[in-house]
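Just so you know, we're using this note's numbering here: the sequence shown kicks off at 3 and counts up by one. We put the CB at the ideal spot given by N, CA and C, even for glycine. A quick note: this is a predicted structure, and the numbers were derived from the prediction, not measured.
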Amino acid sequence: MKKIFIVYSVLTAIFLLPVFVPSAYAQFEVTEPDLITDVEVRTPYNSGLKNGMTFNLLLTDFGFGVGGQYRRVLGNYTDGILDVNISVLRDVKEQTFVNFFGQQTTPNKFNRILSFPVNAGLRYRMFAESINDNFRFYVLGTAGPVAAYVYPYFDNSRGLGVRLPDQFVYDVFEGWNEGYWDWGLNGKMALGIDLGNNFRNVSSIEIGYHMSYFPTGIQVMEPNTFEFVSDNEVVIIEGGGFDSQKFFGTVMIKFMFGGMW
């Protein structure tokens with residue numbers, strides 16, 4: 003009797019096995035996820051924005067400056083740019099000292115220089131498919147003409163080419179009527195970053211190297227020197243000072259704020 007019960011149980015399990023196995027298998031069945039299609043990289047170009055303008059704040063080895071930039075979107079990853087800036091140029095040998103009353107003096111300085119570079123060029127977006135749209139990385143290069151307004155650091159009406167102890171330094175707003183214009187070429191290579199997901203609001207940072215070249219040279223430091231031969235008498239040594247400077251180079255950090263349309 004016991005053997006008959008065992009045989010019956012085995013036969014019942016065999017007949018019911020096809021009923022339970024599919025449902026149990028379905029519970030543990032692994033399904034493949036849907037294929038993810040490529041997502042188009044967002045750019046100002048495919049967002050319908052073609053133009054942009056920014057206000058620029060500059061920081062260089064020579065001091066501070068301001069300017070503006072116009073952007074023309076040429077493609078998804080390429081922009082044409084036009085830069086106009088105002089900044090100062092100096093000789094790398096300059097050393098400025100401040101006295102007890104806050105007056106600044108730069109020994110051997112002969113002229114001050116205001117620089118007005120105009121640059122045109124291209125910038126190209128890098129790593130567009132690897133870095134998020136709110137951190138857009140660019141490489142850029144520009145070149146163009148530069149105008150420099152050169153005006154005296156002190157009253158050189160005597161034409162000595164060197165400042166004597168009894169001559170006072172001009173204030174930064176003095177001596178403008180004694181200045182002259184010089185012309186040259188300039189260029190820049192830089193890396194840039196556009197920040198934010200909203201392309202209409204522009205917040206950018208550029209770090210690069212800016213170069214200016216003036217073929218005739220600019221006399222930044224005193225060309226002559228002097229020596230005391232007595233308590234009240236000096237001798238001017240012509241050509242004993244510094245040479246004129248043709249090349250000016252500086253690291254430039256630029257902060258830009260503006261918009262696109």
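The three-state reading of DSSP puts GLU208 in strand, counting E and B together. GLN97 and GLU131 have their alpha carbons spaced roughly 47 Å apart. Taken through DSSP and simplified to helix, strand or coil, ASN199 comes out as coil.
The beta carbon of TRP263 lies closer than 6 Å to those of ASN53 in the same chain, with the five residues before and after it left out. Put simply, the backbone Cα of LEU61 is about 34 Å away from that of LEU162. Per DSSP, LYS248 is one residue of the beta strand (DSSP E) stretching across 247-262. Contact between GLY143 and VAL204 does not hold, since the beta-carbon distance rounds to 20 Å and is not under 8 Å. Exclusion of the five residues before and after ASP81 leaves ARG73, VAL75, ARG125 as the residues of its chain whose Cβ lies within less than 6 Å of its Cβ. Closest option to LYS248, judged by alpha-carbon separation, among VAL231, PHE257, SER214: SER214. For ILE83, the closest of GLU180, ALA192, PRO217 by C-alpha to C-alpha distance is ALA192.
Secondary structure of GLU235 (DSSP, three-state): strand. When SER49, ASN234, GLN71, GLU180 are compared, the shortest CA-CA separation from LEU59 is found for GLN71. A contact between stretches requires three or more CB pairs, one per stretch, nearer than 8 Å, and the stretch 182-197 fails this requirement with the stretch 231-246.
In the DSSP assignment, the residues bridged to ARG74 are ASN53, GLY82. The alpha-carbon separation between PRO217 and ASP245 amounts to approximately 14 Å.
The criterion of a C-beta distance shorter than 9 Å is satisfied by THR227 and GLY243. Annotation for ALA130: no beta strand (DSSP E) segment contains it, and DSSP assigns it neither H nor E. Rounded to whole angstroms, the separation of the alpha carbons of ARG202 and LEU51 is 8 Å.
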